[in-house]
Amino acid sequence: MRRSCLKPYKRAALAVLALAIAFPAAAEAQQSSSVLMDAMTTELQRAFTSLGRQGAGKQEPDKLLPPYFLSYSVSDASMVAIRAQFGAVVDSSANHVRVVDVQVRLGNATLDNTHGKHRSSAVNSLQLPLGDDREALARSLWLATNTGYGNALDNYLRVKTEAEVRAKEEDTSPDFSHEAPQVYLGKPAPPVVVNRAAWEERVRALSRIFREFPDVYQNAVMLTAQNETDYYASSEGSRVVTPHLQARLVVMAATRADDGMDLFRDQTFEAETVDGLPTQEQMASAIRALGKSLEALRKAPVTEPFDGPAILSGRAAAVFFHEVLGHRLEGQRQRGDEEGQTFTKDLGKDVLPTFLSVADDPTQTTFGKTWLSGSYAYDDEGEKAQRVELIRDGVLKAFLMSRLPIASFAASNGHGRAETGRMPNGRQGNLIVTSTKSVPETELRQQLIEEAKKQGKAYGLYFEDISSGFAVTTRSSPQAFQVIPLVVWRVYVDGRPDELVRGVSIVGTPLAALKRIVVTGDQSEVFNGECGAESGTVPVSAVAPAMLVSEIETQRQPQGTARPPILPIPGAPTQKEAQ
Amino acid sequence: MNPIRPVALLAAAGFLLASLSTPLLKAAQPTRADAEKDPVLKAMLEELDRNMSQLQLKGFEKPFFIQYRIEDVDNYEIKAAFGASEGVQHAHMRLARITVRVGDYTADSSGGRSDGAIELAPLGDDPISLRSALWQATDRAYKSALATYAQKQAALKEVQTPPQADDFSHEKPVIALEEPLRLKLDEATWVERVAKASGIYRTDATVKATQSDVQYCSAEFHARMTTTWLVNSEGTIVRKPATEYEEVFGAGTQAADGMKIDRSYATVGVTLKDLDSPEIFEKQAATVIASLADLRTAPLVEEEYHGPVLFSSDASADTLRSLVAAGVTATRPKLGTEARTNGPFASSYHARVLPEFMDVVDDPGLKNYDGEGLVGAYDVDDEGVPAQAVKVITSGKLENYLIGREPVRDFPQSNGHGRAGFTGPPRPAIGVMKVTAQNGLSDDELNRKLEDMAKDRGLKSVYYVATMGPDLTPRLLYRVSPDGKRELVRGADLDDLDQRALRSSVEAAGKDLWVANYFGEVPQTVLAPALLLDDITIRRANEKNNKLPFYPPPE
Numbered sequence: 354m355r356r357s358c359l360k361p362y363k364r365a366a367l368a369v370l371a372l373a374i375a376f377p378a379a380a381e382a383q384q385s386s387s388v389l390m391d392a393m394t395t396e397l398q399r400a401f402t403s404l405g406r407q408g409a410g411k412q413e414p415d416k417l418l419p420p421y422f423l424s425y426s427v428s429d430a431s432m433v434a435i436r437a438q439f440g441a442v443v444d445s446s447a448n449h450v451r452v453v454d455v456q457v458r459l460g461n462a463t464l465d466n467t468h469g470k471h472r473s474s475a476v477n478s479l480q481l482p483l484g485d486d487r488e489a490l491a492r493s494l495w496l497a498t499n500t501g502y503g504n505a506l507d508n509y510l511r512v513k514t515e516a517e518v519r520a521k522e523e524d525t526s527p528d529f530s531h532e533a534p535q536v537y538l539g540k541p542a543p544p545v546v547v548n549r550a551a552w553e554e555r556v557r558a559l560s561r562i563f564r565e566f567p568d569v570y571q572n573a574v575m576l577t578a579q580n581e582t583d584y585y586a587s588s589e590g591s592r593v594v595t596p597h598l599q600a601r602l603v604v605m606a607a608t609r610a611d612d613g614m615d616l617f618r619d620q621t622f623e624a625e626t627v628d629g630l631p632t633q634e635q636m637a638s639a640i641r642a643l644g645k646s647l648e649a650l651r652k653a654p655v656t657e658p659f660d661g662p663a664i665l666s667g668r669a670a671a672v673f674f675h676e677v678l679g680h681r682l683e684g685q686r687q688r689g690d691e692e693g694q695t696f697t698k699d700l701g702k703d704v705l706p707t708f709l710s711v712a713d714d715p716t717q718t719t720f721g722k723t724w725l726s727g728s729y730a731y732d733d734e735g736e737k738a739q740r741v742e743l744i745r746d747g748v749l750k751a752f753l754m755s756r757l758p759i760a761s762f763a764a765s766n767g768h769g770r771a772e773t774g775r776m777p778n779g780r781q782g783n784l785i786v787t788s789t790k791s792v793p794e795t796e797l798r799q800q801l802i803e804e805a806k807k808q809g810k811a812y813g814l815y816f817e818d819i820s821s822g823f824a825v826t827t828r829s830s831p832q833a834f835q836v837i838p839l840v841v842w843r844v845y846v847d848g849r850p851d852e853l854v855r856g857v858s859i860v861g862t863p864l865a866a867l868k869r870i871v872v873t874g875d876q877s878e879v880f881n882g883e884c885g886a887e888s889g890t891v892p893v894s895a896v897a898p899a900m901l902v903s904e905i906e907t908q909r910q911p912q913g914t915a916r917p918p919i920l921p922i923p924g925a926p927t928q929k930e931a932q
Numbered sequence: 156m157n158p159i160r161p162v163a164l165l166a167a168a169g170f171l172l173a174s175l176s177t178p179l180l181k182a183a184q185p186t187r188a189d190a191e192k193d194p195v196l197k198a199m200l201e202e203l204d205r206n207m208s209q210l211q212l213k214g215f216e217k218p219f220f221i222q223y224r225i226e227d228v229d230n231y232e233i234k235a236a237f238g239a240s241e242g243v244q245h246a247h248m249r250l251a252r253i254t255v256r257v258g259d260y261t262a263d264s265s266g267g268r269s270d271g272a273i274e275l276a277p278l279g280d281d282p283i284s285l286r287s288a289l290w291q292a293t294d295r296a297y298k299s300a301l302a303t304y305a306q307k308q309a310a311l312k313e314v315q316t317p318p319q320a321d322d323f324s325h326e327k328p329v330i331a332l333e334e335p336l337r338l339k340l341d342e343a344t345w346v347e348r349v350a351k352a353s354g355i356y357r358t359d360a361t362v363k364a365t366q367s368d369v370q371y372c373s374a375e376f377h378a379r380m381t382t383t384w385l386v387n388s389e390g391t392i393v394r395k396p397a398t399e400y401e402e403v404f405g406a407g408t409q410a411a412d413g414m415k416i417d418r419s420y421a422t423v424g425v426t427l428k429d430l431d432s433p434e435i436f437e438k439q440a441a442t443v444i445a446s447l448a449d450l451r452t453a454p455l456v457e458e459e460y461h462g463p464v465l466f467s468s469d470a471s472a473d474t475l476r477s478l479v480a481a482g483v484t485a486t487r488p489k490l491g492t493e494a495r496t497n498g499p500f501a502s503s504y505h506a507r508v509l510p511e512f513m514d515v516v517d518d519p520g521l522k523n524y525d526g527e528g529l530v531g532a533y534d535v536d537d538e539g540v541p542a543q544a545v546k547v548i549t550s551g552k553l554e555n556y557l558i559g560r561e562p563v564r565d566f567p568q569s570n571g572h573g574r575a576g577f578t579g580p581p582r583p584a585i586g587v588m589k590v591t592a593q594n595g596l597s598d599d600e601l602n603r604k605l606e607d608m609a610k611d612r613g614l615k616s617v618y619y620v621a622t623m624g625p626d627l628t629p630r631l632l633y634r635v636s637p638d639g640k641r642e643l644v645r646g647a648d649l650d651d652l653d654q655r656a657l658r659s660s661v662e663a664a665g666k667d668l669w670v671a672n673y674f675g676e677v678p679q680t681v682l683a684p685a686l687l688l689d690d691i692t693i694r695r696a697n698e699k700n701n702k703l704p705f706y707p708p709p710e
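Protein chains in written order, with the numbering used here: chain S, 354 to 932; chain X, 156 to 710.
Structural data, given as structure tokens:
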């Protein structure tokens, strides 16, 4: 049920076959904020003052239920997507879509139609006309609101019945927090501008690099550039217009070892617009490194069970903290019978070593020179983004809060996020891990060797790259909050060169490793990606330094038994056939 | 949200004959060398040859048959609602389906759920990337064929009754190369046309008085051009283009008692010229809106009725497609049984399934009828077998099934009806199904006959179905008094409208055929006469009536 992940791209390979890719209705477009916003506020006001009130639908007077809250959240997004594989473009498309999410709340903030499992039912979505036709916009908003109200009514009646028959809930917090209205009318995003022909050629050329690596059986290079403007209006008086621009180039490649083990690597490049992406040469050399790494992994020995010290690279530590810690600090996970509530009762307690602090800061747009894709000015409930200190000096201070209150926190801290069509939840934006006990990376490595010696091990492990469980477990069910090591090295104590191993998997809950962090490196790395959970896929970043962990237990991962391809890939050098 | 369905084309007689009747120019018998001038076919053939000669897992059988099919699909969907455009969706992609069979023609690996493999193919002509996509999928398809073959061999040992037919038919290789087409579309014009049509409820003087009752009103334009390349290890090489276009209008409301009322209208064709002009389409849209108002105030149908019902040729086309088209295809029966095929006509070979005065032919070679392009027409099917006109039902008796390359008892060969949706496996399906009646009657004669039946049986009224909605539900249904007066009613379901009714209850049929083009991945056409059925049940639908709008729409 619960899904989580930090993934570098939207898994859309076969969705593409549904012919759902769209094309731009030209560059008519996104400057039309004022008519749209006017239509939204006018229609919202009309709905709010008409629904469930006398005279409207001539209902029985005792059944009148006016909403106590109503919001319209419109996403107006234009996108260009280009995808290449095996050295050729397989898809190049563009679209411009406007969708409204209508949220209707009935009852009152203490108990409303969104209670418990009904939460997702409070959002009703409908595609909206693109232009400035006020009448068509108003009519569409009416249609979406009318349906949304009907759903809300149905769910509210069920919530009331359920509340009467069930035992008292553990967390008796209200269903909706009280917040001051926000007004911020930012500049709408311009239509996305991408030189399609030039980028098709660039994406194609990047994919073609894999021809240098004939054992990399599958590859995909995908560029997406999206300019989105979010319009938000609520019956509380909030009116927010914020732009969000994002360009992303994702490279994925896979191979299979002779024993059937699937091996996977990916790399992403992010910037606000395509012009901010790295140069072709920089991306080409990253792809070559990826190709080399996969060919090396294919031939690497399979790991042995291990219980000893390890280093997580900055990138690996960033993914690790996002998956293993960040998701568990989402507010809604502290409430509800089906949640693990790992940290619910830990406020004010040590959850990490004292030299570590963790904040989530969507207001920070760059780290060093790197753009952070999890940044935003207002969240999807119209709340202003805030830097939230989650853990200070190892002590748990806060959770990531949407407008769903929990026992320990009554208000949002600007982390209510959702993909279009979903109900916002507390989510991460830019998760930033900082350390007051850091050493240069060479020193970190030396400490790993000493720790291994102390524990009587022949080697320690270096996790260069890890991925979320979801992103790579395409063959089996998603592993919630798990991480899968992709590139792991043995660092020998006797001075032998480092040795790449494959098939490493972490035993038990990776949470245990967090308390065993001994010291960190002094350089932080950024992981930009997309994160999927109940409220959909949202862009996120995670930033962390490398970390030395005194003990981590690993085993050999379960592997597939399918053989590598029987014939060599077309165009491969013939030496393989000669073998 | 809006229930829009492909509906029959309006018979716009005399509408642009010239462009449709041009016969396809076919060069003298093309050769493999001709095919190899096409870079896509060349790459396909090269990879096919390499896999046929080299693909083998040590200790296992080689494939005896490999087929590659690539569909180049250029697809537009342009949508609008309430008078304004919602945008254009355009997708252009190539979808490859790879079939690998191991074993032999008698007993092979086919029939498993993992039959074949699919892969996105590159858009350009680059041979290595084209071949790489095919290579990757061929490898997967071969491995899964080996697994399925082993399972099938084991399953065969468990049953006493042997299979009733071979697994795969022998067919003569065909080389057929038609020139690909290019989809040319004036996107801006269509954006405007669709937007305008979707605003008819508020702009057309004849209907705008009722605009506040219209709950949704939308229009869509679809254009699709497909080029299919197909090669197989028997030497078949096919390149064939296909186009289809559709403009759909849909609108809905509720009656005062909450009953949902939906109407739609579609114009479908092989070329843009087949579609309605904007003026005609908008007029049809206005008619639909007007009918919503009529239906809102129409009385509810009586609680239950048994007796004669006249189906217009439009309503009959939907009915015959639903009840006959799927039944006359032959598919492999369950292993271990003596069945010939599946479905409602599984045991009806040589038996009567329609009245003796009716015939059904499926003729994919019929490209036009009454001046209209037929979307179900094709020359070669999706297994590379030339289409044949098949006399399916003769004088009421089922004499043939429509079949592809998977034989059933008494039908060892394909008759060119193996058809496939995008990336899907081929399955037998109709192309152009023409249903005719010997001594068919005119509409006037049918109406008179209906009225006579009412009088003869002393019925207060009988019924006439003008159009059907989804699931054989009548949308425009009229109560007809013995003197011929018609009254629109709402809220009806049809009961007993099944194969048995077609066999024994058809009293008479029309002489004019309705052209129903069905837009889709496997486009189909049904040509059907009006049908007068002797004994059909009409009931009140009693569906859940939702609340009326909780508040009025904006002014």
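Think of the CB as a built atom: it goes at the ideal place given N, C-alpha and C, for glycine as much as any other residue.
Query, Result
"Just to confirm the assignment, what range does the alpha helix (DSSP H) spanning residue 602 of chain X have?", "598-612"
"Around the C-beta of residue 402 of chain X, are 16 or more other C-beta atoms found within 10 angstroms, so that it is buried, or is it exposed?", "buried"
"Work out the CA separation of residue 317 of chain X and residue 641 of chain X for me, nearest whole Å.", "58 Å"
"Starting from residue 515 of chain S, trace the alpha helix (DSSP H) both ways and give me its first and last residue.", "487-518"
"Counting contacts by CB-CB distance shorter than 8 Å, is residue 926 of chain S in contact with chain X?", "no"
"In the DSSP output, what is residue 595 of chain S paired with across the bridge?", "S:583"
"Within the same chain, show all residues whose beta-carbon is closer than 6 Å to that of residue 933 of chain S, passing over the 5 residues directly before and after it, in chain order.", "As displayed, chain S neither begins before 354 nor continues past 932, which places residue 933 of chain S out of reach and without an answer."
"If we define contact as Cβ-Cβ less than 8 Å, is residue 371 of chain X a contact residue for chain S?", "yes"
"Per DSSP, what kind of secondary structure is residue 504 of chain X in: helix, strand or coil?", "coil"
"Runs of 3 residues minimum, wholly inside the stretch 484-570 of chain X: which ones carry the beta strand (DSSP E) assignment?", "513-517 and 545-549"
"To the nearest angstrom, report how far apart residue 832 of chain S and residue 739 of chain S are at their CA atoms.", "Residue placement at residue 832 of chain S cannot be trusted, given a pLDDT of 40 that sits under 50; the coordinates are not used to answer."
"Give me the Cβ distance between residue 644 of chain X and residue 455 of chain X, rounded to the nearest whole Å; I'm assuming they're in contact under 8 Å.", "7 Å"
"Go ahead and pull the three-state DSSP assignment for residue 206 of chain X.", "helix"
"When Cβ atoms are compared, which residues of the stretch 244-266 of chain X fall closer than 9 Å to chain S?", "244, 245, 246, 247, 248, 249 and 250"
"Using a C-beta to C-beta distance shorter than 9 Å, which residues of chain X count as neighbours of residue 443 of chain S?", "248, 249, 275, 276, 277, 278, 284 and 288"
"For residue 432 of chain X, does the three-state DSSP call read helix, strand or coil?", "coil"
"Less than 6 Å between C-beta atoms, sequence neighbours within five positions excluded: which residues of the same chain meet that for residue 399 of chain X?", "379, 530, 674 and 678"
"Which of the three DSSP states, helix, strand or coil, is assigned to residue 356 of chain X?", "helix"
"Can you tell me where the beta strand (DSSP E) holding residue 248 of chain X begins and where it ends?", "239-257"
"Which partner residues of residue 415 of chain X appear in the DSSP bridge assignment?", "X:409"
"Should the stretch 843-850 of chain S be called in touch with the stretch 803-818 of chain S, which here means at least 3 C-beta pairs below 8 Å?", "yes"
"Starting from residue 870 of chain S, find everything on chain X with Cβ-Cβ shorter than 9 Å and list it in chain order.", "Within 9 Å Cβ-Cβ: nothing; residue 870 of chain S doesn't reach chain X, min ~42 Å."
"Would you decide whether residue 627 of chain S is buried or exposed? Buried here means 16 or more other CB atoms lie within 10 Å of its CB.", "buried"
"Which whole runs of the beta strand (DSSP E) in the stretch 415-467 of chain S are 3 residues long or more, in chain order?", "422-438 and 441-458"
"For a contact meaning CB atoms closer than 7 Å, what does residue 398 of chain S contact in chain X?", "In chain order: nothing, as chain X lies at least about 11 Å away."
"Compute the Euclidean distance between the alpha carbons of residue 377 of chain S and residue 449 of chain S, then round it to the nearest angstrom.", "Low local confidence applies: a pLDDT of 34 at residue 377 of chain S is under 50, so the model's placement there is unreliable, and no value is given."
"For residue 492 of chain S, would you say it is in contact with chain X, using Cβ-to-Cβ distances shorter than 8 Å as the test?", "yes"
"To the nearest angstrom, how far is the alpha carbon of residue 651 of chain X from that of residue 691 of chain X?", "6 Å"
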